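First the structure, in the form of C-alpha cells, and then the observations on it.
There are 2 protein chains.
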Amino acid sequence: MYAPERQQEILRLARDSGRVDVVSLAEEFQVTAETIRRDLKALDRAGLLRRVHGGAIPAGRLDFEPGLAERESTAADEKDRIAKAALAELPAEGTLILDAGSTVARMAAAIPPESSLTVVTHSLPIAARLADHPGIQLHLVGGRVRHRTHAAVDAWALRAYGEIRADVAVLAANGFSVEHGLTTPDLAEAAVKRAALTAARRVVLLADSSKYAQEHFARFGALDDVDLLITDNGLTPEDAGDLERAGTEVVRA
Amino acid sequence: MYAPERQQEILRLARDSGRVDVVSLAEEFQVTAETIRRDLKALDRAGLLRRVHGGAIPAGRLDFEPGLAERESTAADEKDRIAKAALAELPAEGTLILDAGSTVARMAAAIPPESSLTVVTHSLPIAARLADHPGIQLHLVGGRVRHRTHAAVDAWALRAYGEIRADVAVLAANGFSVEHGLTTPDLAEAAVKRAALTAARRVVLLADSSKYAQEHFARFGALDDVDLLITDNGLTPEDAGDLERAGTEVVRA
DNA sequence: CGTGCCGATGCCCGTTCATGCCTGATTGTG
DNA sequence: CACAATCAGGCATGAACGGGCATCGGCACG
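Respectively, the protein sequence lines represent chains W and Z.
Numbering of the first sequence is given in numbering that gives the first Met the number 0, commencing with residue 0 and proceeding in unit increments.
Numbering of the second sequence is given in numbering that gives the first Met the number 0, commencing with residue 0 and proceeding in unit increments.
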C-alpha cells in the first residue's frame with residue numbers, strides 16, 4: 000500500500016468516526032507508529048486533519064468539542080439521505096447560496112465534479128471543501144467567524160448577501176415549525192441566515208426530523224419563506240401534511 | 000506494442016484495480032521499469048494518473064491538492080525557520096492581517112494557544128486553521144476564491160481591507176527586489192495584497208531567499224513599504240545589506 | 001536500396017524516498 | 001508529582017527514481 004493511499008484511507012476513517020489514533024492505525028495498516036505519525040503530519044500540513052496528542056481529528060469540523068463525535072454520528076444516516084436528496088434539487092448550473100451546517104456540508108461534499116455552479120457561502124468548512132472543485136466558481140462571504148459553527152457573521156456578511164441574488168439558497172435550521180418558523184440559537188447567525196434567505200429566488204431547507212417543532216432563541220424566517228423542505232421519514236406524514244398546507248413542499252428522504 | 004497503446008492499457012488497469020505498480024507493469028508488458036516510469040510520468044503529466052512512489056493511482060481517487068502539497072515540500076526547512084522567526088515579531092495582542100501563502104500558513108499554525116489576537120485574513124486555509132483557536136478573534140475577508148491559492152480576491156476583499164486598520168500585516172510575495180519591489184503572478188491577488196499592506200501600520204514580509212531578485216507580472220508594492228523582511232540565510236549578507244540600505248530591516252533565520 | 005534521422009527503449013549510477021529503529025524530550029493522567 | 005504514553009529528530013537501509021548515454025528500429029528521403 001502506497002503512502003498516499005494510506006493517507007487517503009486515514010482521512011476517510013477520521014471523517015467517518017470523528018477521530019483516529021496512532022496506535023490503532025499502525026495496527027490496522029501494519030506499519031509502525033512513526034509512519035502513521037508522518038502520515039498524520041502530512042495530512043495536518045495539508046490542512047485536512049488536525050493533529051492532537053495520540054491521534055488526529057478531521058479539520059473543518061463544525062465544532063471540535065467532545066460532544067461532537069456523538070452529535071455527528073447521531074442521525075448520520077438521515078443526514079446523508081437528506082444531503083443526497085438535496086443534490087437532486089440543485090440546478091445543473093446557476094448560482095447557489097450554501098448556509099453553514101453539517102447536512103449542507105455533506106451535500107456540498109457530494110456535488111458531482113462535472114457540475115458548473117457559482118457557489119456563495121459564509122461557511123468556512125464548506126468553502127474549504129469546495130475551493131478545489133474544478134467546476135465551481137466559489138465566492139466567500141466574509142465576516143467575524145464564530146468559533147462554534149465556523150461561519151462568518153455580522154456586518155460584512157450581511158452586506159455581501161445584500162448585494163447578490165442567487166437562484167437557490169440551501170439553508171439549515173436548528174428548529175422549524177409552522178407556528179414559530181425557522182429558529183437557531185444565535186442572533187448574529189440568524190441575521191445572516193435571513194440575509195441569505197432573502198437573496199435567493201428559491202429556498203431549500205435541510206433539516207432532519209429531530210428539528211421539527213423545536214424552537215430556539217433567534218428566528219430568521221417563517222415557514223412559508225421556504226419553498227422546499229427536505230427531511231427524513233422520522234417526520235410523520237401528518238406533520239408533513241401540516242407543513243404542506245402551510246405552503247412548503249416536503250420531501251421525506 | 001507501441002507506447003501509446005501500452006499507456007492506454009496501463010490507464011485501464013489503473014482504473015480497474017485502483018492502483019498499479021511499476022514492477023508488475025514492467026513484467027506484464029515485458030519492458031524495463033524505466034520505460035514504465037516514463038509512461039507513468041507521461042500519464043501523470045496528462046493528469047490521468049497520480050504518480051506515487053512505486054507506482055501510480057488513477058487521478059481523482061485522491062482528494063489532495065497537489066499544488067498545495069508540492070509547494071509545501073519545496074524549501075520546507077527554510078519556510079519553517081522563517082515562520083518561527085516571524086512568530087517572534089507578532090505582538091502579544093493586537094490586530095493582525097495575514098496574507099495567503101504557505102509560509103504565512105505555517106506561521107499561523109504555530110501561533111501559541113495563549114495568544115490573544117484579532118486576525119484578519121483572506122486566505123481560506125489560514126482561516127480554517129485559526130477558526131477554532133480559542134485566543135483568536137478571526138475575521139474572514141470575503142471575495143471570489145482563486146483555485147490556485149485558495150485566497151479571496153476582488154471587490155469584496157478590497158473593500159474589506161479598505162475599511163480596517165491593523166497593527167501588523169504579514170505578507171508573502173513571489174518575488175522581491177530593491178528595483179522592482181514586491182511582485183506576484185496574479186493581478187487580482189496583487190490588488191488584495193496592496194490593500195492589505197495599506198491597511199497595516201507595520202508590514203512584515205516573509206519570503207525565502209529563492210524569491211530574491213525574482214520579478215513577476217503584478218507589482219503590489221515597493222520594498223520600502225516593508226518594515227521588516229524575514230528570509231533564510233540563502234540570502235547573502237551583501238544582498239541583505241542592499242535591502243537594509245533601501246530601508247528594510249532584514250532578518251535571516 | 002542505402003542512409004541518416006529520431007523517437008523509443010534499455011542500462012548505469014548517483015540521489016531521493018519511505019520506512020523502521022533508537023534516544024532523549026514532552027505531554028497527559030492518575 | 002511521577003509514570004507511562006507519545007512525540008520529534010537522527011540515522012540506517014533497501015527500494016525507487018531520474019538523468020545521461022548508448023542502442024535499436026522504423027521511416028522518410030535521396
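Backbone N, C-alpha and C fix where the C-beta goes; we use that ideal spot for every residue, glycine too.
From a predicted model like this one, the values you see are computed outputs, not experimental measurements.
For this session: Within 10 angstroms of the Cβ of W:F175, are there 16 or more other Cβ atoms? Answer buried if so, exposed if not.
Result: In the first sequence, the residue the question calls residue 175 of chain W occupies position 176. Buried is the call here.
For this session: Decide if the stretch 21 to 28 of chain Z is in contact with the stretch 238 to 250 of chain W; the criterion is three or more beta carbon pairs, one per stretch, under 8 Å apart.
Result: no
For this session: Measure from the C-beta of W:L137 to each C-beta in chain Z and report whether the shortest distance is under 7 Å.
Result: As a working mapping, residue 137 of chain W is identified with position 138 in the first sequence. True, the Cβ-Cβ gap to chain Z drops below 7 Å.
For this session: Output, in chain order, the set of chain Z residues within a Cβ distance shorter than 9 Å of W:P57.
Result: Taking the first sequence and counting its residues from 1, the one referred to as residue 57 of chain W is at position 58. Residues of chain Z passing the Cβ test: none, with the nearest at roughly 11 Å.
Exercise. Expressed to the nearest angstrom, what Euclidean distance is found between the alpha-carbon atoms of Z:R50 and W:Q29?
Worked result: Start at 1 with the first residue of the second sequence, and residue 50 of chain Z comes out as number 51. Start at 1 with the first residue of the first sequence, and residue 29 of chain W comes out as number 30. Straight across, the Cα-Cα distance linking Z:R50 with W:Q29 is about 23 Å.
For this session: Please classify W:I110: does DSSP put it in a helix, a strand, or coil?
Result: In the first sequence, residue 110 of chain W corresponds to position 111, counting from 1. If DSSP states are grouped into helix, strand and coil, W:I110 belongs with coil.
For this session: Examine chain Z for any beta-carbon lying closer than 7 Å to the beta-carbon of W:G17, and answer yes or no.
Result: Counting from one through the first sequence, the residue named residue 17 of chain W turns up at place 18. Nearest CB-CB separation between W:G17 and chain Z: not below the 7 Å threshold.
Exercise. Taking only beta-carbon atoms, is Z:P124 less than 7 Å away from chain W?
Worked result: Position 125 of the second sequence, counted from the start, is the residue given in the question as residue 124 of chain Z. Cβ-Cβ to chain W under 7 Å: yes for Z:P124.
For this session: Determine which residues share a DSSP beta bridge with W:A165 and list them.
Result: Within the first sequence, the letter at position 166 stands for residue 165 of chain W. In the DSSP output, where bridge partners are listed per residue, W:A165 has W:A199.
Exercise. So, using beta-carbon positions, are W:I81 and W:A168 closer together than 7 Å?
Worked result: Looking up residue 81 of chain W in the first sequence gives position 82. Looking up residue 168 of chain W in the first sequence gives position 169. Taking 7 Å as the Cβ cut-off, W:I81 and W:A168 do not qualify as a contacting pair.
For this session: Find the nearest neighbour of Z:R200 within the set Z:G240, Z:A127 and Z:R164, judged by alpha-carbon distance.
Result: Here residue 200 of chain Z corresponds to residue number 201 of the second sequence, with the count starting at 1. Selected option, being the one with the closest Cα: Z:R164.
Problem set entry | Same chain only: Cβ atoms within 8 Å of Z:A221, ignoring 5 sequence neighbours per side | Counted from its first residue, the second sequence places residue 221 of chain Z at position 222. Within the same chain, Z:A221 has close Cβ partners G180 and L181.
For this session: Report all residues from its chain with a CB closer than 8 Å to the CB of W:F63; omit the five preceding and five following residues, and keep chain order.
Result: Mapped onto the first sequence, residue 63 of chain W falls at position 64. Unreliable placement is indicated for W:F63, whose pLDDT of 36 sits below 50; the coordinate value is still reported in the next sentence. The answer, listed in chain order, is R49 and I56.
Exercise. What residues match up with W:F175 in a beta bridge as DSSP calls it?
Worked result: Counting from one through the first sequence, the residue named residue 175 of chain W turns up at place 176. DSSP, once it has assigned bridges, lists W:L181 and W:Y211 as partnering W:F175.
Exercise. Could you check where the beta strand (DSSP E) with Z:T34 kicks off and where it finishes?
Worked result: Within the second sequence, the letter at position 35 stands for residue 34 of chain Z. No beta strand (DSSP E) holds Z:T34; the alpha helix (DSSP H) holding it covers A32 to R44.
For this session: Pick helix, strand or coil for Z:T247, following the three-state DSSP scheme.
Result: Taking the first residue of the second sequence as 1, we reach residue 247 of chain Z at position 248. In this structure, Z:T247 counts as coil in the three-state DSSP scheme.
Exercise. Ends of the beta strand (DSSP E) at W:P124?
Worked result: Along the first sequence, read from residue 1 onward, the residue named residue 124 of chain W stands at position 125. Segment L123 to L129 is the alpha helix (DSSP H) holding W:P124; no beta strand (DSSP E) there.
Exercise. Are the C-beta atoms of Z:R143 and some chain W residue less than 7 Å apart?
Worked result: The count along the second sequence starts at 1 and reaches residue 143 of chain Z at position 144. Z:R143 counts as touching chain W.
For this session: Less than 8 Å between the CB atoms is what I'm expecting for W:G240 and Z:H138, so what's the real figure, rounded?
Result: Mapped onto the first sequence, residue 240 of chain W falls at position 241. Mapped onto the second sequence, residue 138 of chain Z falls at position 139. Not quite, the Cβ-Cβ distance comes to about 45 Å (not below 8 Å), so this is no contact.
Exercise. With DSSP run on the structure shown, which of helix, strand or coil describes W:Q29?
Worked result: By 1-based counting over the first sequence, the position of residue 29 of chain W is 30. It is coil, neither helix nor strand.
Problem set entry | Rounded straight-line distance, which links the Cα of W:L86 to that of W:R244 | Residue 244 of chain W sits at position 245 when you count from the first residue of the first sequence. Residue 86 of chain W sits at position 87 when you count from the first residue of the first sequence. Computed Cα separation, rounded: 25 Å.
For this session: Please confirm if Z:H149 has its CB atom under 7 Å from at least one CB of chain W.
Result: Taking the first residue of the second sequence as position 1, residue 149 of chain Z is located at position 150. By this cut-off, Z:H149 is an interface position.
Exercise. Do you know whose CA, among Z:T197, Z:S208 and Z:L10, lies nearest Z:F219's CA?
Worked result: Here residue 219 of chain Z refers to the residue found at position 220 when the second sequence is read from its first residue. Minimum Cα distance to Z:F219 is reached at Z:T197.
Exercise. Residues of chain W with CB under 7 Å from Z:G54, in chain order?
Worked result: Residue mapping note: residue 54 of chain Z aligns to position 55 of the second sequence, counting from 1. Those are Y1, listed as they occur along chain W.
Problem set entry | Residues near Z:T183 by beta carbon distance below 7 Å, same chain, minus five either side | Looking up residue 183 of chain Z in the second sequence gives position 184. Answer for Z:T183: A172, N173, A189, K192, H215, A217 and F219, listed in chain order.
Exercise. Is the shortest distance between the beta-carbon of Z:V22 and the beta-carbons of chain W less than 7 Å?
Worked result: As a position in the second sequence, residue 22 of chain Z is number 23, starting the count at 1. With 7 Å as the cut-off, Z:V22 does not count as an interface residue toward chain W.
For this session: Would you please verify whether the beta carbon of Z:V119 is less than 7 Å from any beta carbon of chain W?
Result: Within the second sequence, the letter at position 120 stands for residue 119 of chain Z. Not closer than 7 Å to any Cβ of chain W, the Cβ of Z:V119 fails to qualify, so no.
Problem set entry | Proximal chain W residues relative to Z:A279, where beta-carbon distance stays under 8 Å | In the structure as shown, chain Z starts at 0 and stops at 252, and residue 279 of chain Z therefore has no counterpart that could be examined.
Exercise. For chain W, is any of its Cβ atoms less than 7 Å away from the one on Z:N232?
Worked result: Against the second sequence, residue 232 of chain Z aligns to sequence position 233. No, because no Cβ of chain W sits closer than 7 Å to the Cβ of Z:N232.
Problem set entry | Residues that Z:V191 contacts on chain W, provided the C-beta gap is smaller than 7 Å | The residue you call residue 191 of chain Z lines up with position 192 of the second sequence. None at all; the shortest Cβ gap to chain W is about 12 Å.
Problem set entry | Euclidean distance between Cα positions of W:A212 and Z:H149 | One-based indexing of the first sequence puts residue 212 of chain W at position 213. One-based indexing of the second sequence puts residue 149 of chain Z at position 150. Answer to the nearest angstrom: the Cα atoms are 39 Å apart.
Problem set entry | Local conformation of W:A74 per DSSP, three classes | Taking the first sequence and counting its residues from 1, one reaches residue 74 of chain W at position 75. Three-state DSSP puts W:A74 in coil, outside helix and strand.
For this session: Compare the C-beta of Z:A171 against all C-beta atoms of chain W and say whether one is closer than 7 Å.
Result: Counting from 1 along the second sequence, the entry for residue 171 of chain Z is found at position 172. So, not an interface residue.
Exercise. Using the C-alpha atoms, what's the distance from Z:S101 back to Z:G66?
Worked result: Taking the first residue of the second sequence as 1, we reach residue 66 of chain Z at position 67. Taking the first residue of the second sequence as 1, we reach residue 101 of chain Z at position 102. Any answer about Z:G66 is weak, because its pLDDT of 45 lies below 50 and its placement is not dependable; what the coordinates show is given next. Rounded to the nearest whole angstrom, the C-alpha separation of Z:G66 and Z:S101 is 11 Å.
Exercise. Is Z:P90 helix, strand or coil when you go by DSSP?
Worked result: Numbered from its first residue, the second sequence carries residue 90 of chain Z at position 91. Residue state, collapsed to three classes: coil.
Exercise. On the three-state DSSP scale, how would you describe Z:G141?
Worked result: As a working mapping, residue 141 of chain Z is identified with position 142 in the second sequence. Looking at Z:G141 - three-state DSSP - the assignment turns out to be coil, as it is neither helix nor strand.
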